[in-house]
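Asks: Residues in the sequence shown are numbered from 1 upward in steps of one, following UniProt numbering.
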Amino acid sequence: LSRIRCRVEHVFGFIENTMKGSTFRGIGFKRAKTNVTLTNLMYNICRFEQIKRLNLNTWA
1 LSRIRCRVEH
11 VFGFIENTMK
21 GSTFRGIGFK
31 RAKTNVTLTN
41 LMYNICRFEQ
51 IKRLNLNTWA
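#1: Taking 8 Å as the cut-off, does the segment 3-21 touch the segment 40-56 (at least 3 CB pairs, one atom from each stretch)?
#2: Considering only the alpha carbon of each residue, which of Cys6, Ile4, Arg7 and Ile15 lies closest to threonine 37?
#3: Taking the alpha helix (DSSP H) that isoleucine 45 belongs to, which residues open and close that run?
#4: Which residue's Cα is closest to the Cα of methionine 19: Leu56, Leu54, Ile51 and Asn35?
#5: In this structure, does DSSP put glycine 13 in helix, strand or coil?
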């Protein structure tokens, strides 16, 4: 359980600290959902670039 919590909290910490993820201001569920979706997409793109740059082969 602690390994899962550590991994998930790292992601949310990165989004809050680096990507200013905690400062969303909008009205409506659709806008909030879109913001979360785009934020997660951007995190995945950043993480993919980091894995590629460091030449980590995590999927093998």
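All C-beta atoms in this analysis are idealised placements derived from N, C-alpha and C, irrespective of residue type, glycine included.
Replies: Answer, in terms of the structure:
#1: Touching, per the Cβ criterion.
#2: For threonine 37, the nearest C-alpha among the options comes from Ile15.
#3: Boundaries of the alpha helix (DSSP H) harbouring isoleucine 45: 29-54, taken from the DSSP string.
#4: The shortest C-alpha separation from methionine 19 is found at Asn35.
#5: DSSP, read as helix, strand or coil, puts glycine 13 in helix.
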